[in-house]
Structure formats: C-alpha cells, structure tokens
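Start counting the sequence shown at 3; every next residue gets the next number (our numbering).
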Amino acid sequence: MSQFTVPKTQKAAIVESTSAPLKVVDNFPVKQPEDLAPGECLVQLDVSGVCHTDLHASKGDWPIPAKLPLIGGHEGVGRIVAIGAHTQGSPVKLGDRVGIKWLAYSCLDCEPCRKGLEQSCLNGKYSGFTVDGTFSQYVVSWVTHVTPIPENLDSAEAASILCAGVTVYRAIKYSKAKIGDWIVLPGAGGGLGHLAVQYAVAMGLRVVAVDTGAEKKALVMKLGAEKWVDFKETKDLVKDIVDATDGYGAHAAVVTAANPAAYAQAVDYLRMGGVLMVVGLPARANLSADIFFTVIKSISILGSYVGNRQDAREALDIAARGKVKCYYELKPLSALADTYEALGEGKIVGRVVLNMKE
Ligand SMILES: [Zn+2]
Ligand SMILES: [Zn+2]
C-alpha cells in the first residue's frame, strides 16, 4: 500500500459561476486512492503557477465554456501520492515529482494525436477548464500525461515552464528562425514574454523586445534582448522594429498579446519570408492581416497551441540546464483573486506562483 496518507478534504479555490467571486474553501473533497480509475494518479501539489488563461476561463471569455463549478490552474508541480489500482505499465511511480500542464489528457489515438498534435486531441481534457485543475492541494491526473520534473529544477521554478514556458518554446521552435535571425517578442516583459526572451537567446536568436515601462525594459535587457521598443512611447512601432533589424524587418515574431492589433502589425514589420507565430488567445478577436503584403512578402502565419509531451520535456530540460529562469513571486492560494485583478490590469512583471502547501 501507499506510504502516503491522503486526507479527506483540502484547500481549493473554486469558481461557482462566471459572475461570482472566486471562493477559497478548506473542505473540498479529495478523490481517495481507492476511487482512482486505472491510469489515473493523485498528485499532492507543492505549487501552482497562475496563467492569464485561468482568468479567461473563470470569466467565460471564450467561445467554449469551462466546466462549472471549476477549480482552475494548469501549472502544478507536486508528488504522486497514489496511482489507480490495475494501472498497467505506468511510466511514473509513487513519490515521483511531476508537473500538470494545460493538456491534462489526450487519447493518443485520434489523427491529431497520431501526428504529434496531442494538444489538439479530439478527445482532450484540459486542466482547470474541462477537468479540475491545480488551484487545490491535490489534483487527479493521468500517469501517461504528467510531466516528469528534472531533479535539479525547483518546483516553483518549474511551474510556469509547464504552460508559459512550453507555449513560447514551441512557438519559437516552429517559427523556423535560425541562429542569428531577428525575432520580435511583443509583451516581452510579461509572464510568457520574459521566458520567450530567454528561450530565443538560448536558441541563438537576436531579440527585439516590445513592451512598456522601465521595469520591464530593465528585465528584458538583463535577459539578453538586443533591442527595445516601448509601444507607448514610439511614434511608429513598425518603423522602429524595421530600423532595429538591419532595415529589412524581423525574420519571425511570436505574438502572445491579447490585443488583436499586435498581430496585424507583425505582417508589416516582418521581412520577406518572415513567420508570424500566433499564440495569444484574445477574447473573440479576428486576425486582420493585410492580404496584399502577406502574399508579396511570402509571410507565413502559423497558429501554435501550448505544446505536446515532448515539447514540455524539452522546455523543462532547457530550464534545468540554467538557460531559462522564471521570474516569479510566491504567494499563498488566498492571493489568487488579487492576482487575477492585477493580471487583468497588465500589472504583473514575470509570473505569480502559488504555494499550495501553506
Ligand atoms: Zn497557461
Ligand atoms: Zn487524441
């Protein structure tokens, strides 16, 4: 039997409806080891990162609604304390430190799964969206989908790599940008952006960071960005970026912004053959790129959605080797509502990680 004792109840942050305030309770039931289905596991969380997606999910911003009541959160790191009876061939064992990411489960057998696009699985389950996520002390996951955390990577460091890190890492990886190429990162000082700067630098790219304010500028320049454009101070953002990139424009842009205009601008500041990676999920927005210039500049526009299990392992491995460091503030679960508010106002530099053991 398990060497871990699993309590009956736990602390959890619950969204009961999209209009109700977030509620933190300490008597939410924990799924007991004997109730786990084969293939399921129970993870006792150390930490959980907070992502903008959690805010969107809790407000019902997207065309697809979240389950209700909902426990949000999809950047959890903790230890496996139980595995469902009759689980065959588990790649993880009791006591292993693992991560819970946005894609909680995929069938591994539909066409997207077979092609390595398991994040677009036709039968996928999403942490903190279609299944309860990591804003609770225990979370149910699947042995085939938890992500092993490298030993020398701290749980709080690893948390935001599981969503923010994987998302930007994969987008840069698929942007076709090669060593020495220019990449534009709008929102470079934010949660995704500051990780994107470091992954881009680790991959040998030259970074043009776009964001606003002295604090964000100082952070991105310290992380290795070569050029800085303040979108509030510039008179002509496109011109400034083209000038910063040898007068030809950038080779790639990874746009994580919630603002649709940021996507249209990219087509204008990319050079011939440039690649626009569409990553952000603005609520109910269309992409309006200039068709004429998209064609004559041979621009590629590619969507990129989090990452698969392999992308997650690669992103964590790069962080474990010290190439990428998440800037985060550790807070208790009770600070989640205030964190949502600050996120909504764009006031968070880096990332917020919740200590689930408090
Ligand atoms: Zn996320
Ligand atoms: Zn599938």
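All residues carry an ideal CB built from backbone N, CA and C; glycine is no exception.
For residue i, the three-state DSSP class (helix, strand or coil)
| i | result |
| --- | --- |
| R172 | helix |
| E347 | coil |
| H253 | strand |
| T11 | strand |
| C115 | helix |
| M362 | Only positions 3 to 360 of the chain appear in this structure, which leaves residue 362 out of reach. |
| K218 | helix |
| M205 | coil |
| L225 | coil |
| G51 | strand |
| Q5 | coil |
| G195 | helix |
| L272 | strand |
| D245 | helix |
| P262 | coil |
| E42 | strand |
| A211 | strand |
| H32 | The question names His, yet the displayed sequence has Val at residue 32. V32 falls in the coil class under three-state DSSP. |
| L57 | helix |
| L70 | coil |
| W37 | First, the residue type needs correcting, since residue 37 is Asp and not Trp in the sequence shown. Of the three classes helix, strand and coil, the one that applies to D37 here is helix, per DSSP. |
| L278 | strand |
Test: residue i CB closer than 9 Å to a CB of chain D
| i | result |
| --- | --- |
| R353 | In the structure shown, chain D does not exist; there is a single protein chain. |
Pick from the options that is closest to residue i, judged by C-alpha positions
| i | options | result |
| --- | --- | --- |
| I174 | K237, R353 and G276 | G276 |
| Q200 | V354, V32, K327 and S21 | K327 |
| G118 | P262, D340 and D313 | D313 |
| Y128 | A211, G305 and A106 | A106 |
| Q5 | D98, G91 and H88 | D98 |
| Y329 | K349, A204 and G193 | G193 |
| N125 | A285, F137 and S108 | S108 |
| D248 | P262, E235, K234 and E228 | E228 |
| L345 | H58, V32 and G41 | H58 |
| V280 | L47, G324, R172 and A160 | R172 |
| E153 | Q267, T132, G324 and E347 | G324 |
| H147 | V100, S157, D156 and D340 | V100 |
| D319 | I66, D111 and L164 | L164 |
Contact check, residue i vs residue j, beta carbons under 9 Å
| i | j | result |
| --- | --- | --- |
| I102 | V83 | no |
| I243 | Y271 | yes |
| P150 | A259 | no |
| V45 | V168 | no |
| G2 | R315 | In the structure as shown, the chain begins at 3 and stops at 360. Residue 2 is therefore absent and cannot be evaluated. |
| C43 | G75 | no |
| L207 | A190 | no |
| L283 | W64 | yes |
| D375 | Y342 | In the structure as shown, the chain begins at 3 and stops at 360. Residue 375 is therefore absent and cannot be evaluated. |
| S306 | V256 | yes |
| S162 | A15 | no |
| K218 | V351 | yes |
| W184 | V209 | yes |
| E159 | A321 | yes |
| G231 | V203 | At residue 231 the sequence reads Val, which differs from the Gly that was named. No, the Cβ-Cβ distance between V231 and V203 is not below 9 Å. |
| S361 | L24 | There is no way to answer for residue 361, as the model of the chain reaches only from 3 to 360. |
| A252 | V186 | yes |
| S157 | V49 | yes |
Own chain, CB closer than 7 Å to residue i, minus 5 neighbours either side, in chain order
| i | result |
| --- | --- |
| V269 | L278, A291, D292, F295, T296 and I301 |
| S19 | L70 |
| P35 | S4, V8, L44 and A84 |
| V32 | V8, P9, K10, T11, Q12 and Y140 |
| A287 | P262 |
Neighbourhood of residue i by C-beta, 6 Å cutoff - its chain only, sequence neighbours within 5 removed
| i | result |
| --- | --- |
| P114 | S122 and C123 |
| N29 | T11 |
| E331 | V354 |
| A166 | G193, L194 and L197 |
| G309 | V168 and R172 |
| A68 | A59 and F131 |
| G62 | T20 |
Beta-carbon proximity list for residue i, same chain, < 8 Å, skipping 5 on both sides
| i | result |
| --- | --- |
| P334 | L356, N357 and E360 |
| P40 | G86, A87, H88, T89 and Q90 |
| W144 | G41, E42, C43, A106 and Y107 |
| L239 | V212, V231, F233, Q267 and Y271 |
Could you give the uninterrupted runs of the beta strand (DSSP E) lying entirely in the stretch 144–188, keeping only those of 3 residues or more? 184–188
Point to revise | Uninterrupted beta strand (DSSP E) stretches inside the stretch 281–343 (no shorter than 3 residues) | key: 302–305 and 330–334
Every unbroken beta strand (DSSP E) within the stretch 88–134, with a cutoff of 3 residues, ordered by chain:
99–102 and 105–107
Next on the checklist: Give the residues whose C-beta lies closer than 7 Å to at least one heavy atom of ligand 3, in chain order.
Outcome noted: Among the ligands in the structure shown, ligand 3 does not appear; only ligand 1 and ligand 2 can be found there.
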